[in-house]
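What the sequence shown shows, in my numbering, is residues 17 to 474, in sequence order.
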Amino acid sequence: MEPRERERGADRSRSARDKQTGRVIVIGPYLRMRRGGAEAQTDDRALRDFEARLSEAEGLARAIDLDVVDALIAPVGAIRPATYLGKGKVEEISGLVTAHKAELVVMDCALSPIQQRNLEKAWNAKVLDRTGLILEIFGRRAKTKEGALQVELAHLNYQRSRLVRSWTHLERQRGGFGFMGGPGETQIEADRRLIGERITRLENELKKVQATRRLHRAGRKRVPYRVVALVGYTNAGKSTLFNRLTRAEVQAADMLFATLDPTLRAIHLPHGGKAMLSDTVGFISNLPTQLVAAFRATLEEVLEADLILHVRDISHEDAEAQQRDVDAVLRQLGIDPDQGRIPEVWNKIDRFNPEERENLKNIAARRPQEHPCLLVSAETGEGVDALLAAIEDRLAAARVTLDLSIDAADGAGISWLHRNSEVLNKELHDGRFDMTVRIEPSKRDIVVSRFDAQPHGM
17 MEPRERERGA DRSRSARDKQ TGRVIVIGPY LRMRRGGAEA QTDDRALRDF EARLSEAEGL
77 ARAIDLDVVD ALIAPVGAIR PATYLGKGKV EEISGLVTAH KAELVVMDCA LSPIQQRNLE
137 KAWNAKVLDR TGLILEIFGR RAKTKEGALQ VELAHLNYQR SRLVRSWTHL ERQRGGFGFM
197 GGPGETQIEA DRRLIGERIT RLENELKKVQ ATRRLHRAGR KRVPYRVVAL VGYTNAGKST
257 LFNRLTRAEV QAADMLFATL DPTLRAIHLP HGGKAMLSDT VGFISNLPTQ LVAAFRATLE
317 EVLEADLILH VRDISHEDAE AQQRDVDAVL RQLGIDPDQG RIPEVWNKID RFNPEERENL
377 KNIAARRPQE HPCLLVSAET GEGVDALLAA IEDRLAAARV TLDLSIDAAD GAGISWLHRN
437 SEVLNKELHD GRFDMTVRIE PSKRDIVVSR FDAQPHGM
């Protein structure tokens, strides 16, 4: 077969895999403990209700067009090293797999390689754990070269110690990767040397990506533009808010991980200034460590941001647990969410009736100044003007406000001020412009020496 024919065949295989749907059963194997005779639900990874967690796992499965035919909670008193679940529950689920003719079982937990293999043998179906499912979603959603590199790196690190369905992505004639399909799908053991070589190549390519991003950030600092990063739980409405603030057309949909690749756009602030707004990948509870590490190149935009906004779906019944999950990921990145640098944006207030909305406003008003929050509806635009003003105030906190008087004929000077500062006020008196400007500290001396400026209000 000619190389071009092989490539066309590979493209058709990828396309078919991307469009495929499969019958899947979602299992929530959540830990429970007994205290003083009373049964209590506990899980060290996230303090969330079992039903809400199972619903999220179903949403993850549907995010890649899987047909969820059944979903059930399987409380676990103690994790079994061989199968995670007890023998009776394994047999019960085996019956469900047969009855539903399920091709895939999703376990909403982290499985060891031996647990995954044993469950696949017991159920005669493919088994994905939470990490594998999220990696599969990311693999489908990554559109840019950078996103694909990062997902493949995470995928390879995850699969390094496992029996692998298909390593055809290592062949020269085919790109891509996946757990759930593809040509040559057999139960073969990974060739660790090939995987190691591929990982090394990916890491080198990602270093180039990081270098490019550093150049872009250096360019923005020379302009300079301040950077505002949006973070939040997946499906909190970050992309919809991003589109509202920037008039962009980033994909926004009511599904988990609707967008993956980072996007930067300029926003115009109320007094004429500009900032760069960054829309990042959504976070989720138990975000795989491999993904946090692999996506550091993307998440560096968050680390370098002058202001981070935590966008929350305040209408979600699990909003508090989602907040804790986002805070946990930020701490993994070395960002302290308690330092006051991260105002909260309570999104989707349009889903509340007027009385509930007023109650939310009262709660927000009582928040301490070091942990402010703003109420918005990215869908309707309510509260967006107040959000932009708050962004401007936050970014201006480190800037210097100066008063100056400049000859109206000094067009070059006036133009320079408009390009390099925020002009807060400008009035013409007797052939001169009295101006109040806000400037970066690094440019204060230039303004003072050239325009004989004084601190504002003196």
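All residues carry an ideal CB built from backbone N, CA and C; glycine is no exception.
Taking all protein chains in view, the Cβ of ARG230 is surrounded by fewer than 16 other Cβ atoms within 10 Å, so the residue is classified as exposed. Boundaries of the alpha helix (DSSP H) around GLU72: 66 to 78. Assignment of LYS223 by DSSP, reduced to helix, strand and coil, places it in the helix class. Annotation: the continuous alpha helix (DSSP H) that includes ALA170 extends over 161 to 175.
LEU418 has its alpha-carbon roughly 12 Å from the corresponding atom of LYS442.
Counting along the chain, SER431 sits inside the alpha helix (DSSP H) bounded by residues 427 to 436. Taking C-alpha positions only, LEU319 is separated from LEU346 by approximately 9 Å. Inter-residue distance for GLU136 and GLU108 is about 14 Å (C-alpha atoms, whole angstroms). Between LEU218 and LEU165, the C-beta gap is smaller than 8 Å, which places the two residues in contact. Cβ-Cβ distances below 7 Å link ASP343 to PRO353 in the same chain, with the five nearest sequence neighbours on each side left out; the list follows chain order. Out of GLY427, THR147, LYS377 and SER393, the CA that lies nearest to the CA of SER255 is found in SER393. The continuous beta strand (DSSP E) containing ASN363 extends over residues 360 to 363.
DSSP places PRO45 outside both helix and strand once states are collapsed to three, so it counts as coil. In this structure, ASP329 places its C-beta atom within 8 Å of the C-beta atom of ASN251. In this structure, ALA68 keeps its C-beta atom at 8 Å or more from the C-beta atom of VAL42. About 6 Å separates the CB atoms of LEU285 and LEU404; that is less than 8 Å, so the two are in contact.
The continuous stretches of alpha helix (DSSP H) do not include LYS142, which lies in the beta strand (DSSP E) extending over residues 142 to 145. Closest by C-alpha distance to ILE80, out of HIS116, ASP409, VAL122 and LEU112, is VAL122. In this structure, ARG242 places its C-beta atom within 8 Å of the C-beta atom of ALA291.
ARG448 is a Cβ neighbour of SER421, given a cutoff of 8 Å.
Taking 8 Å as the cut-off, the Cβ atoms of THR99 and ALA141 do not count as close. When secondary structure is reduced to three states using DSSP, LYS254 falls in the helix class.
In the DSSP annotation of this structure, the continuous segment of the alpha helix (DSSP H) that includes LYS103 starts and ends at 103 to 116.
Assignment of GLY248 by DSSP, reduced to helix, strand and coil, places it in the strand class. Beta-bridge pairing by DSSP links ASN441 to THR452. Closest option to PRO45, judged by alpha-carbon separation, among ARG39, PHE66 and GLY248: PHE66. Residue pairing for PRO471: DSSP places it in a beta bridge opposite LEU418. With fewer than 16 neighbouring CB atoms inside 10 Å of its own CB, ALA227 falls in the exposed class. Pairing VAL85 with ARG39 gives a Cβ-Cβ distance under 8 Å. The closest CA to that of ILE211, considering only VAL225, TYR174, LEU222 and VAL244, is found on TYR174. Straight-line measurement puts the Cα of ALA94 at about 8 Å from the Cα of ARG48. Taking a C-beta distance under 8 Å as the contact criterion, LEU444 and ALA425 do not qualify as a contact pair. Check the Cα spacing between ARG176 and each of HIS287, ARG214, ASN220 and VAL113: the tightest is with ARG214. As the crow flies, the alpha-carbon of ILE430 is around 26 Å from that of ARG281.
According to the DSSP assignment, ILE130 belongs to no beta strand (DSSP E) but to the alpha helix (DSSP H) extending over 129 to 139. In this structure, SER294 lies near ALA321, with their beta-carbon atoms less than 8 Å apart.
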